[in-house]
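Peer 1:
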Amino acid sequence: MKHIDIERLVTVRHRAEQEGVVPETIRSRIRKGKMDSVSIDGVMFVETIQEKGIKDK
876 MKHIDIERLV TVRHRAEQEG VVPETIRSRI RKGKMDSVSI DGVMFVETIQ
926 EKGIKDK
């Protein structure tokens with residue numbers, strides 16, 4: 876199981892807005908195994924897009 880940094884979690888809708896796509900595109904990637912996700916209290920979360928110039932710890 877991949878480690879997901881909870882400080883970087885955003886909703887599927889937020890991630891879709893970041894990428895300029897519809898939420899169904901993100902859900903499709905999750906179903907196909909192309910993107911990791913976690914469900915918390917019934918809400919699906921994915922990692923946010925890394926901002927330019929900011930490196931992971």
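876 is the number of the first residue of the sequence shown in this note's numbering; add one for each residue after it.
Ideal Cβ positions, reconstructed from N, Cα and C, are used throughout, including at glycine.
Everything numeric in this text was worked out from a predicted model, so none of it was measured.
#1: Give the straight-line distance between the Cα atoms of E922 and I915, rounded to the nearest whole angstrom.
#2: Kindly identify the DSSP beta-bridge partner or partners of S923.
#3: Here's the rule: buried if 16 or more other CB atoms are within 10 angstroms of the residue's CB, otherwise exposed. What is V897?
#4: Return the bridge partner residues of I915 from the DSSP annotation.
Peer 2: With the structure as the only source:
#1: 13 Å
#2: In the sequence as displayed, the identity of residue 923 is Thr instead of Ser. According to DSSP, which records beta bridges pairwise, T923 is partnered with nothing at all.
#3: exposed
#4: Under the DSSP definition of a beta bridge, I915 partners with V918.
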